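One structure is given below, encoded as C-alpha cells.
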Amino acid sequence: MLKKILFIICILIAGRTTYAQTADEVYDRYVDFNEAFLNANMEKAMTLGEQILPDTAKLKPNTRTSFYNFMAQVYEGDHQSMNAILYYNRVIAAQPNYYVAHRALGYLYIKDISGKPTNEVVVDAAYIDKIKKALPHLEKAQACDPDDQTLNLIKLLYRNIKDQRSIDTLPARLAQLKKNCEDILSSQ
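So the sequence shown is residues 1 to 188, counted in the numbering used here.
Structure (C-alpha cells):
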C-alpha cells in the first residue's frame with residue numbers, strides 16, 4: 001500500500017514537472033501572444049498572456065519588459081485598471097524613461113476620480129493620494145511629449161490640492177525630465 005502511494009506521488013510530481021514550460025516554449029508562446037496583440041485579437045492575447053505570466057522569468061529582460069507593456073495594454077483595454085497599473089509599473093521599473101507607460105499610469109491613477117469637481121479644492125485623502133501618484137507620471141509624459149490637455153490637467157490637479165508652489169516650479173521640472181525620454185522600448 002505504501003509503495004502504491006509513493007508511486008502515485010512520484011507520478012503526480014513528474015507530471016507537474018513536465019508541465020513547466022521551457023524558455024523556448026515561453027518565447028514561442030510570446031510570439032503567438034504578440035501576433036494576437038498586433039492583430040487586435042485581445043481575447044486570444046489575454047489567454048496567451050495569462051499562460052505566459054507564471055514563466056516570465058524565462059523571457060529575456062527586454063522581451064519581458066515588452067511583454068509587460070503589452071499585457072498592461074490588454075488589461076487596460078479590458079477595464080482591469082489594477083492589473084494594468086501593476087504591469088505598467090513593471091515596465092517603468094525596467095525602463096524608467098519610457099514616457100508612454102508614464103502617461104498611461106498617470107491617467108489610470110486618476111481614472112476613477114475624473115468625475116470630481118474640476119475647480120474646487122479637495123480635502124479627501126484618497127483623492128489626494130491618487131493625484132500625488134499620478135502627477136509624477138503625467139509630468140514625465142508632458143516633458144517628453146508636450147500637449148496642452150496634459151499640461152492643463154497637471155495644473156488643475158495641483159490647484160485642486162492647493163499646491164501653487166508645484167505649479168510655479170513645473171517648467172523647471174519639465175525641462176529636467178525632458179533630458180531623458182524614450183518613446184520606444186529598448187530591444188537590446
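Note that CB positions come from ideal geometry on N, CA and C, so glycine has one too. Note that this is a predicted model, so its numbers are computed, not measured.
inquiry  = Buried or exposed, going by whether 16 or more other CB atoms sit within 10 Å of the CB of residue 79?
reply    = Indexing the sequence shown from 1 puts residue 79 at position 79. Exposed, because fewer than 16 other Cβ atoms sit within 10 Å of the Cβ of residue 79.
key: For residue 71, the nearest candidate out of 50, 60, 61 (CA to CA)   = What you label residue 71 is simply residue 71 of the sequence shown in a count that begins at 1. The shortest C-alpha separation from residue 71 is found at 50.
task = Take every Cβ of the stretch 80 to 89, pair it with every Cβ of the stretch 59 to 66, and state whether three or more of those distances are shorter than 8 Å.
result = no
key: Identified DSSP bridge partners for residue 197   = Shown here, the chain extends from 1 to 188; a query on residue 197 therefore has no answer.
request  = Decide yes or no for the touch test of the stretch 103 to 115 against the stretch 135 to 155: beta carbon pairs closer than 8 Å, at least 3 of them.
outcome  = yes
ask   = Apart from the five residues just before and just after residue 167, which ones in its own chain have a Cβ nearer than 6 Å to its Cβ?
value = In the sequence shown, counting from the first residue as 1, residue 167 sits at position 167. So the list reads 155, 158, once near-sequence residues are dropped.
ask   = Are residue 85 and residue 128 closer than 8 Å when you measure CB to CB?
value = On the sequence shown, position 85 is the one that residue 85 refers to. On the sequence shown, position 128 is the one that residue 128 refers to. It is not a contact, given that the beta carbons lie outside the stated cut-off.
request  = Go ahead and label residue 76 buried or exposed: buried means 16 or more other beta carbons lie within 10 angstroms of its beta carbon, across all protein chains shown.
outcome  = Along the sequence shown, one-based indexing puts residue 76 at 76. The residue in question, residue 76, is buried, as its Cβ has 16 or more Cβ neighbours within 10 Å.
task = Look at the alpha carbon of residue 110 and the alpha carbon of residue 153, and state the distance between them as a whole number of angstroms.
result = Taking the first residue of the sequence shown as 1, we reach residue 110 at position 110. Taking the first residue of the sequence shown as 1, we reach residue 153 at position 153. Going from the Cα of residue 110 to the Cα of residue 153 covers about 11 Å.
query = Count the other CB atoms within 10 Å of the CB of residue 172; is the residue buried (16 or more) or exposed (fewer)?
reply = Taking the sequence shown and counting its residues from 1, one reaches residue 172 at position 172. Looking at its Cβ environment, which holds fewer than 16 other Cβ atoms inside 10 Å, residue 172 is exposed.
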